[in-house]
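Student:
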Amino acid sequence: MKKRVTQFAFVIMMLLMAFWLYKRFYHDTIDTGQLSKYIKPLDTTFSAFDVVGQNAKIMAIGESADGSAEFNRLRLNVFKRLVTTCGYRLFLIEGDFGKFLPLSRYVETGEGNVDELLDATGAWIWNTRELKDIILCTRNYNTAHKRQEYLHFYGIDLQGANGVFEYLTTYAKIPFTDTAFLHQQIRLFRRSRKSDAYPAQLQKIITYLKAMPSLTTDSVARLCINILQERLKVMPYDKSETVEMRDGFLAQNISFILDTLHKNRKALLAAHNYHVSANPVTGKQTCGTYLRKKYGQGYYAVFVDFAKGSTRVMNNPNSGKYELPLADKTLSAQWYALHKPKFFINLRNLPPKANDLLNQQLRFHAIGSTHRDPQNAVMDYNLARQFDGYVYLPEITESTKIKR
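Counting along the sequence shown from 1, when you hit position 11 you're at 10 in numbering that gives the first Met the number 0, and nothing is skipped either side.
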């Protein structure tokens, strides 16, 4: 009998502790009145970003849904402001580096047709009106300015090798005889895709490229080789096992662009909230975590939230839109109930009492490009520890596909 009473008391104690932990770290609502004092409306000038933009080398602007239009519209408006007031010159995006290289050239030279180049990226998530507006805006700026003031656009991801191979065989400083041999090795690589020889053939190509003296002065080619090495490293693993590896490679690619390709330039980074977080998420190192370690307070991460709206996801057969209702027990639902327009809060400048409100796990929309149930996709974040700024959007709409 005494043993049962002791066991019962232990269970009650554990339940009370679990309840205390829940109340301490997971809150359904917070005192938005305290936070409202520090809201800066996002007017047409986007001047709210001037101060933080001056002090940052990288302004990372996240998103809560990959397939929605407002996030890239926000980034474009902020980028235009930071170009004018803070000297930003680079727009970096969570897209395949190789597939985006033709778009990078278009921004600098005007070479090609922007619609065809976007279509060639191979995914509707990039073939959108919103991304086209970013490309055209940066290109139009360059046509009106001297080369030393040019804006530049790059993908930072390692999603495939074809775009990298195209650059190396078409634009890199490789002698003709070497190019012919490289074409042969690439064909062998593609044929071996489903065989055990696949990684070894890629390693052979990498070794060959690294031995070429003509590529030592071609920084883009060097980054292409780095991308191929990254692809080789992730090959033995399932996609679910490479989340941290991928984010580490994203950070390496960004650092190469900033430290080698375009020294002393400032960049806007466009990626999902998860990737831009300046501290680990669910125990995993993120791209933003690595960037914070390297650039310190020069890395500024903005969490972009929304209340409701619509989005697209890749696994929908027709890339059709999904309606996104208000999510229960989220901060965005509280703002929406207060009829708040879009706004920005600089989390770094919050006083301790207001900061404490956000120093807890809060629930937010978190929709990737391939979610099967986007209406119910949520994730917990600690805004105070993981981000430097917060943007609220009342409503979002699905991205606008370019029809051809």
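Cβ atoms here follow ideal geometry from the backbone N, Cα and C, with glycine treated the same way.
Note that the structure is predicted; figures quoted are calculated from it, not measured.
Please confirm if the region 44-54 is in contact with the region 338-350, defined as three or more CB-CB distances below 8 Å between the two stretches.
Tutor: Yes, since at least three Cβ pairs between the region 44-54 and the region 338-350 fall closer than 8 Å, the two stretches touch.
Student: In whole angstroms, what separates the C-alpha of L73 from that of K402?
Tutor: 23 Å
Student: With three or more beta-carbon pairs closer than 8 Å as the criterion, would you say the region 47-59 touches the region 102-121?
Tutor: no
Student: Just checking, does the region 300-310 make contact with the region 265-284 on the three C-beta pairs under 8 Å criterion?
Tutor: Output reads yes: the region 265-284 touches the region 300-310.
Student: Could you tell me the distance, in whole angstroms, from the CA atom of L349 to the CA atom of R190?
Tutor: 57 Å
Student: Within its chain, find whatever has a CB closer than 6 Å to the CB of A199; leave out the 5 residues flanking it on each side and keep chain order.
Tutor: none
Student: For the beta strand (DSSP E) containing V390, list its first residue and its last residue.
Tutor: 388-395
Student: Please check the pair G97 and I253, which I expect to be a contact at CB under 8 Å, by giving their CB distance rounded to whole angstroms.
Tutor: In fact, because the Cβ distance is near 16 Å, the residues do not count as touching under 8 Å.
Student: Thinking C-alpha only, which one of L222, D132, L117 is nearest N164?
Tutor: Residue 164 is actually Phe in this sequence, not Asn. For the residues L222, D132, L117, the minimum Cα distance to F164 belongs to L222.
Student: Touch check for the region 317-328 and the region 259-269: three-plus C-beta pairs under 8 Å?
Tutor: no
Student: When you compare only the Cα positions, how much space is there between E107 and I185?
Tutor: 28 Å
Student: Near G388, what residues of its chain come up, given a Cβ to Cβ distance below 6 Å and the 5 sequence neighbours on each side ignored?
Tutor: V301, N345, L346
Student: Counting only the same chain and skipping the five closest in sequence on each side, list residues whose C-beta sits under 8 Å from that of V242.
Tutor: Taken in chain order, the residues that qualify are K283.
Student: Buried or exposed: which applies to H364, given that a residue is buried once 16 or more other Cβ atoms fall within 10 Å of its Cβ?
Tutor: buried
Student: Three Cβ pairs or more, each shorter than 8 Å: is that satisfied between the region 124-140 and the region 73-83?
Tutor: yes
Student: Can you give me the start and stop residues for the beta strand (DSSP E) that H144 sits inside?
Tutor: H144 -> no beta strand (DSSP E), and no H or E assigned at all.
Student: Check this for me: beta carbons of S103 and Y153, under 8 Å apart or not?
Tutor: yes
Student: Of the residues T127, G52, V390, which one's Cα is nearest the Cα of A68?
Tutor: T127 is the residue among T127, G52, V390 whose C-alpha sits nearest the C-alpha of A68.
Student: What span of residues does the alpha helix (DSSP H) with Y289 cover, start to end?
Tutor: If you look at Y289, you'll find it in the alpha helix (DSSP H) that goes 286-294.
Student: Going by CA-CA distance only, name the one from K145, M211, A250 that's closest to T176.
Tutor: M211
Student: Grab me the residues of K39's own chain with a C-beta within less than 8 Å of its C-beta, minus the 5 sequence neighbours each way, in chain order.
Tutor: Hits under 8 Å: A47, F342, F343, I344, N345.
Student: For T259 and S218, which I take to be in contact (beta-carbon distance under 8 Å), what is that distance rounded to the nearest angstrom?
Tutor: Between T259 and S218, the beta carbon gap of about 5 Å places them in contact (Cβ cut-off 8 Å).
Student: What are the complete alpha helix (DSSP H) segments, minimum 4 residues, inside the region 144-200?
Tutor: 161-169, 175-190
Student: What distance in whole Å lies between the Cβ atoms of E397 and K320, which are believed to be in contact at a cut-off of 8 Å?
Tutor: 4 Å
Student: Would S331 be called buried (16 or more neighbouring beta carbons within 10 Å of its own) or exposed?
Tutor: buried
Student: Within this structure, are the beta carbons of Q202 and L231 separated by less than 8 Å?
Tutor: yes
Student: Please return the same chain residues whose Cβ sits closer than 7 Å to the Cβ of Y391, not counting the five positions on each side in sequence.
Tutor: D304, S331, W334, K339, K341, F342
Student: Can you give me the Cβ contacts of Q33 inside the same chain, cut-off strictly under 8 Å, excluding the 5 residues immediately before and after it?
Tutor: K352, A353, L356
Student: When we look at the beta-carbon of G66 and count the other beta-carbons within 10 Å, is it buried (16 or more) or exposed?
Tutor: With 16 or more Cβ atoms within 10 Å of its Cβ, G66 is classed as buried.
Student: Can you tell me whether P324 is helix, strand or coil according to DSSP?
Tutor: coil
Student: Output yes or no for whether 8 Å exceeds the beta carbon distance between T137 and L150.
Tutor: yes
Student: Should A143 be labelled buried (16 or more other beta-carbon atoms within 10 Å of its own) or exposed?
Tutor: Under this definition A143 is an exposed residue.
Student: I think L249 touches C286, with their Cβ atoms under 8 Å apart; what is that distance to the nearest whole Å?
Tutor: Correct: roughly 4 Å between the Cβ atoms.
Student: Can you tell me whether Y21 is buried or exposed, with buried defined as 16 or more other CB within 10 angstroms of its CB?
Tutor: Its pLDDT being 42, under 50, Y21 is placed unreliably by the model, and nothing is read from it.
Student: Use the C-beta contact count for P101: other C-beta atoms within 10 angstroms, 16 or more gives buried, fewer gives exposed.
Tutor: The residue in question, P101, is buried, as its Cβ has 16 or more Cβ neighbours within 10 Å.
Student: Pull up the CB-CB distance for P393 and A336, whole angstroms please, since I reckon it's below 8 Å.
Tutor: With a Cβ gap of about 11 Å, P393 and A336 do not count as contacting.
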